[in-house]
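Single-structure report; data block below.
Below is the structure:
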């Protein structure tokens, strides 16, 4: 059996790092695809514009993910008297609104620029993609995050 050196990561440590690194681009691909479809429909250049929107959304998502820890703490503080279920639902709704607000802005700007009609296109993208964002947030809060927390606790 091969021995591990101090410079090579243990497989269990790698298992704890890889899932969060895959989650961000997966969510970004999904949501930027939905927003691009809302913005331009399935046009001939859909895939190119989707990838441009995705790339413009990644830095925004990094900021949003960093802010989510703060949001989580605030929800836990403000709604401390409520059940864990209520806190998770509130966090999912707040996260979905924040992510869709930021992603709709970045992707709509990438797809349409600041041309006339940007505000209405952004509003449509935000409102129409919000149910998808809410589903993603609920899935993250009730399925993925508990698993990641258990994985991190076992390290």
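In our numbering, the protein residues as written are 18 to 172. Note that beta-carbon positions come from the ideal geometry of N, C-alpha and C, so glycine has one too.
Let's see if you can read the secondary structure: which residues bound the alpha helix (DSSP H) around residue 63?
Where residue 63 is concerned, the enclosing alpha helix (DSSP H) stretches over 63-95.
To the nearest angstrom, report how far apart residue 164 and residue 111 are at their CA atoms. In a straight line, the C-alpha of residue 164 is about 21 Å away from that of residue 111.
Chain-order list of residues whose beta-carbon lies under 7 Å from that of residue 82 (same chain, five-residue window excluded): Cβ within range, chain order: 41.
For this session: Take the Cβ of residue 156 as the centre, count every other Cβ of all protein chains shown within 10 Å, and call the residue buried at 16 or more, exposed below.
Result: Exposed.
Discussion item. For a quick check, are the C-beta atoms of residue 123 and residue 74 less than 7 Å apart?
Written reply: Closer than 7 Å, so yes.
request  = Run the CB neighbour count on residue 125, radius 10 Å, all protein chains shown included, and call it buried at 16 or more, exposed below.
outcome  = Around the C-beta of residue 125, 16 or more other C-beta atoms lie within 10 Å, and the residue is accordingly described as buried.
key: residue 108 to residue 76 span [Cα, whole Å]   = Using only the alpha carbons, I get a separation of about 22 Å.
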